[in-house]
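Quick notes on the structure that follows.
In our numbering, the protein residues as written are 303 to 559.
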């Protein structure tokens, strides 16, 4: 199913941030104001075709009723399968002294959070992201924007069952680290060396029970302030950089906890 971006400013921003746009649909009675002209100018610059259509067609396509006479149809994101991410992780391990990181998201619902996590994951050299195929955010224009385009350079797979996917990663030599406030020790005390799947929970509920039970160990970020927790994108970034830190410098010996 096609995804559409509605409105002048959102389309300008999408074109500016390299969201893959298939075509721009312009109402036949749209007023050629400066914002519409900017849409048309950017469409020409990025070789995006513009089609003039009856306004009723936009009314029928619109989900929010805010198209302002212009909509953009985006190209569906190219998801991969789990095998592709495993292969990318094995290449990373072979090239980087045995280290590889995969980020798994337990029903993250906000596409902007997905993008922010993808931006950090790409920055630390993660091999891919695993997300559920139902009741979870998928890659949209908001994801491209919040990832600053990083989502285009990172494999993402949608799976039917996170726990089954965790078992497959375990079979391929990964340790599963779940981020949870129920962890006994802080992430600084945990061994994140080597091949790790970092599992981050839902914005409101955290890790589901089955997913938490499937983790090899739990980690949490230490807190000194009064606020209960970071948001999931911030927490993911901190955890990913601790993985990178431990795999960049010799770490003290220790067991996984």
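All C-beta atoms, glycine included, are put in the ideal place defined by N, C-alpha and C.
Once you ignore the five residues that flank residue 342 on each side, which residues in its own chain have a CB closer than 7 Å to its CB? Cβ neighbours of residue 342 beyond the five flanking positions: 352.
Burial state of residue 484 (16 or more Cβ within 10 Å): Residue 484 comes out exposed.
From residue 405 to residue 358, what does the alpha carbon distance come to, in whole angstroms? Each residue's Cα considered, the two are about 43 Å apart.
Comparing C-alpha positions only, which one of 521, 443, 444, 458 sits nearest to residue 435? Residue 458 is the option with its Cα nearest to residue 435.
Note down, in chain order, each residue of its chain lying with its Cβ closer than 7 Å to the Cβ of residue 363, except the 5 sequence neighbours on either side. Closer than 7 Å at the Cβ level, and outside the excluded window around residue 363, lie 306, 373.
What's the gap between the Cα of residue 486 and the Cα of residue 480? A direct Cα-to-Cα measurement between residue 486 and residue 480 gives close to 12 Å.
Pick out the complete alpha helix (DSSP H) segments inside the region 501-550, 4 residues or longer, and give them in chain order. Counting only runs of 4 or more residues that sit fully inside the region 501-550, the alpha helix (DSSP H) segments are 511-516, 534-550, in chain order.
Residue from 518, 502, 377 with nearest C-alpha to residue 419: It is 502.
Buried versus exposed, by CB contacts within 10 Å (16 or more), residue 490: With fewer than 16 Cβ atoms within 10 Å of its Cβ, residue 490 is classed as exposed.
At the level of alpha carbons, what is the spacing between residue 370 and residue 308? Their Cα atoms are separated by approximately 7 Å.
Here's the rule I'm using: 16 or more other beta-carbon atoms within 10 Å means buried, otherwise exposed. How should residue 526 be labelled? Classification of residue 526: exposed, given that the 10 Å Cβ count is below 16.
Where does residue 440 sit, in a helix, a strand or coil, going by DSSP? Secondary structure at residue 440: coil, using DSSP grouped into helix, strand and coil.
Boundaries of the beta strand (DSSP E) in which residue 327 is found, first to last residue: Residue 327 -> beta strand (DSSP E) spans 323-329.
Between residue 515 and residue 521, what straight-line distance do the alpha-carbon atoms span, to the nearest angstrom? Cα-Cα distance, rounded: 13 Å.
Would you call the CB atoms of residue 412 and residue 450 closer than 8 Å? Not in contact: residue 412 and residue 450 (Cβ atoms no closer than 8 Å).
Closest by CA to residue 508, which one among 495, 496, 535? Closest in alpha carbon position to residue 508, among 495, 496, 535, is 535.
For residue 312, which three-state DSSP category applies? Looking at residue 312 - three-state DSSP - the assignment turns out to be helix.
Keeping to the same chain, check which residues put their C-beta closer than 6 Å to that of residue 476; ignore five residues upstream and five downstream. So the list reads 497, 499, once near-sequence residues are dropped.
Are there 16 or more other CB atoms within 10 angstroms of the CB of residue 320, so buried, or fewer, so exposed? Exposed is the call here.
Could you give the DSSP three-state label for residue 389: helix, strand or coil? In the structure shown, residue 389 adopts helical secondary structure according to DSSP, grouped into three states.
When you compare the CB positions of residue 424 and residue 456, do they come within less than 8 Å of one another, or not? Yes.
Span separating the alpha-carbon of residue 471 from that of residue 328: One C-alpha to the other measures close to 47 Å.
Starting from residue 423 and walking both ways along the alpha helix (DSSP H), at which residues does that stretch end? 413-426 is the span of the alpha helix (DSSP H), which, as asked, contains residue 423.
Is it buried or exposed for residue 400, if we count other Cβ within 10 angstroms and need 16 for buried? Exposed, by the Cβ-count rule.
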